[in-house]
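Below is one structure, written out as structure tokens, with a few remarks after it.
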Amino acid sequence: MQKIAVLVSGGGTNLQALLDAESAGRLPGGKIVLVIASNPTAYALERAKAAGIEGIVVRKKDYNTQQEFDSAMLNALLSRGIGVIVLAGYLSLLGDPVVKAYPQRIINIHPSLIPSFCGAGYYGLRVHQAALDYGVKVTGATVHYVNEIYDNGKILLQKAVEVQEGDTPETLQRRVMEQAEWQILPQAAAMVCERLNQEQKEEAQG
Ligand code: GRF
22 MQKIAVLVSG GGTNLQALLD AESAGRLPGG KIVLVIASNP TAYALERAKA AGIEGIVVRK
82 KDYNTQQEFD SAMLNALLSR GIGVIVLAGY LSLLGDPVVK AYPQRIINIH PSLIPSFCGA
142 GYYGLRVHQA ALDYGVKVTG ATVHYVNEIY DNGKILLQKA VEVQEGDTPE TLQRRVMEQA
202 EWQILPQAAA MVCERLNQEQ KEEAQG
């Protein structure tokens with residue numbers, strides 16, 4: 022069983038999709054035990070509280086250096102025996118010490134079909150604005166592993182969503198969330214937990 026930490030910055034609809042998936046038995050190999058918010062106002066913390074899950078804030082500006090921030094984050098994770106980290110609308114950059122401590126154990130949801138509309142500066146509504154500006158007929162969401170390069174790790178799952186006539190960034194974001202993000206993030210989390218549990222079982226068998 023993998024202990025999962027979900028890192029959030031905003032409304033937490035992706036966190037809610039993960040919580041609902043776990044309640045529905047669609048996350049059999051993992052258990053969400055911690056939510057870490059990058060700021061105290063993230064509504065995602067309310068969702069964690071309602072679900073009876075520990076929610077903490079690890080905020081960059083509360084630390085003097087990136088190193089201190091990274092070690093606070095790493096300590097919060099290791100001290101609770103976290104095995105899988107899910108970035109769900111998380112807008113801070115995870116420091117190298119955390120990424121290195123969790124190889125192939127960190128996943129992120131990005132609201133486009135990577136490699137389109139990703140990388141520095143592409144987050145939230147900006148991603149959908151860029152898709153509309155470009156005039157793509159299809160967009161979607163991607164779950165990928167997190168490595169040291171932003172939005173660059175191996176792709177786990179993608180789901181396409183059609184762009185509709187008259188879409189605004191808000192209507193497109195909503196459709197991508199409903200039809201793609203909230204489906205593939207729980208699926209990907211279940212896949213990672215399953216793989217890790219299998220690896221640990223094989224290691225134990227020697
Ligand atoms: C959404 O734009 C989502 O696509 C991206 O983060 C934003 C907020 O998501 N991953 P959430 O509602 O906080 O999960």
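In the working numbering, the protein residues as written are 22 to 227. Beta carbons are placed, not taken as given, at the ideal position from N, Cα and C, and that holds for glycine.
- For Val197, the three-state secondary structure derived from DSSP is helix.
- By the C-beta criterion, the stretch 141 to 151 is judged to be in contact with the stretch 177 to 191, since at least 3 inter-stretch pairs fall below 8 Å.
- Distance from the CA of Gly76 to the CA of Val159, rounded to the nearest whole angstrom, comes to 36 Å.
- Cβ neighbours of Tyr84 within its own chain (closer than 8 Å, five residues either side excluded): Phe90, Ala93.
- The Cβ atoms of Gly140 and Tyr171 lie closer than 9 Å to each other.
- Here Val27 has Leu36, Leu39, Ile53, Val56, Val107, Ala109 as same chain residues with Cβ atoms under 7 Å from its own Cβ, once five neighbours each way along the sequence are excluded.
- Within the stretch 105 to 162, the beta strand (DSSP E) runs of at least 3 residues that lie entirely inside it are, in chain order, 105 to 108, 127 to 131.
- Cβ contact annotation for Leu114 (same chain, cutoff 8 Å, sequence separation greater than five): Tyr171, in chain order.
- In the DSSP assignment, Val182 falls within the unbroken beta strand (DSSP E) covering 176 to 183.
- Within the same chain, Gly161, Ala162, Lys180, Val182 come within 7 Å of Ala201 by CB-CB distance, once the 5 residues on both sides are set aside.
- Residue environment analysis places Tyr155 among the exposed positions, since fewer than 16 neighbouring C-beta atoms fall within 10 angstroms of its C-beta.
- Judged by beta-carbon spacing, Val105 lies beyond the 9 Å limit of Leu66, meaning their Cβ atoms are not closer than that value.
- At the C-beta level, Ile127 and Val167 come within 9 Å of one another.
- Counting only residues of its own chain and dropping the five nearest sequence neighbours on each side, Asn60 has a CB closer than 8 Å to the CB of Ser30, Val78, Arg80.
- Rounded to the nearest angstrom, the gap between the Cα atoms of Leu177 and His165 is 5 Å.
- Gly102 sits close to Lys24, with the two beta carbons spaced by under 9 Å.
- Looking from the CA of Val119, the closest CA among Pro132, Asn96, Phe138 belongs to Asn96.
- Relative to ligand 1, Leu146 has its C-beta within less than 8 Å of a heavy atom.
- The Cβ-Cβ distance between Gly116 and Arg68 does not fall below 9 Å.
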